[in-house]
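Numbering (the numbering used here), first residue to last: 1 to 290.
All C-beta atoms in this analysis are idealised placements derived from N, C-alpha and C, irrespective of residue type, glycine included.
This is the structure in structure tokens:
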């Protein structure tokens with residue numbers, strides 16, 4: 001099958017090379033690779049042009065606009081999508097091709113996610129964050145499946161048929177501040193009669209930078225937007241209200257654990273300063289950065 005890969009990008013010069021390298025090293029090459037320039041001001045596009053890719057420009061800022069531009073530009077029967085900081089397993093395209101060839105009735109496909117640079121430099125004697133890291137995406141995926149009835153699309157590692165996209169492209173919501181773009185697309189596909197499946201062999205790794213740099217957004221704002229999107233699409237029943245509450249409490253609990261451990265690290269670092277030599281106190285690298 002002809003598989004187009006779409007990569008929305010905004011100032012991704014630190015990551016785009018490794019992403020495109022992982023696509024270049026696929027054992028089954030994609031039909032085309034489309035990098036969507038969402039007003040990059042760094043060297044992202046300069047780096048992307050070193051590879052055999054198609055560059056398309058989207059001047060309206062936002063992931064939903066960039067995604068839509070890329071999907072509409074794709075010529076393949078299947079549109080695969082990853083984030084610009086993703087590193088894809090060498091059989092990624094082959095796994096996508098296998099699923100859509102074997103299951104003619106499916107509209108979408110998602111795979112497994114993990115971090116490749118998870119190093120928060122926090123004191124975590126109980127390995128709480130390691131456990132969260134291992135299961136956070138599984139919990140998210142299966143919670144969302146319970147809430148919307150099928151597996152949810154996941155931007156860093158997903159594929160959708162061009163046919164399914166054409167059915168919903170004029171219905172999807174584009175306001176990233178109001179809607180969770182992946183959940184919104186999932187619900188539109190499901191409502192149109194589509195089917196989204198999960199294959200754990202479809203593997204992508206991506207950066208934990210969002211969790212490290214802005215945990216408030218990663219653990220609270222982003223999941224809360226998903227919950228808000230579901231609420232806006234579906235009438236609330238007793239069961240859905242209960243599940244939504246549990247999902248919200250879980251994300252808030254994870255964020256609280258992060259804050260607790262982060263505070264512990266800060267206190268420990270501060271306490272250690274007294275034991276340092278006076279000459280080292282003025283150095284900017286005396287305290288490790290997150």
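Relative to residue 25, the option among 51, 39, 9 whose CA is nearest is 51. In the DSSP secondary-structure assignment, residue 57 is bridged to 37. Residue 47 is positioned such that its CB atom lies closer than 8 Å to that of residue 17.
With respect to residue 195, residue 106 sits close: the two C-beta atoms are nearer than 8 Å. Contact holds between the region 75 to 84 and the region 93 to 106, because three or more Cβ pairs, one in each stretch, are under 8 Å apart. The Cβ atoms of residue 182 and residue 173 lie no closer than 8 Å to each other. The three-state reading of DSSP puts residue 1 in coil, since its state is none of H, G, I, E or B. Scanning the region 70 to 158 from its first residue to its last, the whole beta strand (DSSP E) runs of 3-plus residues come out as 78 to 81, 108 to 115. If you check the CB distance, residue 37 and residue 56 come in under 8 Å. Of the residues 150, 225, 32, 118, the one whose Cα lies closest to the Cα of residue 205 is 118. In the three-state reduction of the DSSP assignment, residue 207 falls in the coil class, being assigned neither a helical nor a strand state. Closest in C-alpha terms to residue 230, from the list 143, 210, 7, 187, comes 187. Looking from the CA of residue 90, the closest CA among 33, 202, 140, 10 belongs to 202.
Scanning its chain for C-beta atoms nearer than 6 Å, with the 5 sequence neighbours on each side dropped, one finds around residue 62 the residues 176, in chain order. Straight-line measurement puts the Cα of residue 110 at about 22 Å from the Cα of residue 234. A distance below 7 Å between beta-carbons, with the five flanking residues on each side excluded, links residue 88 to the following residues of its chain, in chain order: 22, 23, 82, 204. Annotation for residue 172: no alpha helix (DSSP H) segment contains it, and DSSP assigns it neither H nor E. The C-alpha of residue 112 lies about 7 Å from the C-alpha of residue 157. Membership of residue 214 in any alpha helix (DSSP H) is not indicated, and neither H nor E is assigned to it by DSSP.
With 16 or more neighbouring CB atoms inside 10 Å of its own CB, residue 12 falls in the buried class. Assignment of residue 32 by DSSP, reduced to helix, strand and coil, places it in the strand class. Within 10 angstroms of the beta-carbon of residue 232 lie fewer than 16 other beta-carbons, which makes it exposed.
Residue 71 is positioned such that its CB atom lies no closer than 8 Å to that of residue 5.
Boundaries of the alpha helix (DSSP H) harbouring residue 188: 181 to 191, taken from the DSSP string. By the CB criterion at 8 Å, residue 19 and residue 86 fall inside the cutoff. In the displayed model, residue 201 falls within a strand according to three-state DSSP. When the beta-carbon positions are compared, residue 34 and residue 74 come within less than 8 Å of each other. Residue burial annotation: residue 161 is buried, with at least 16 other C-beta atoms found within 10 angstroms of its C-beta.
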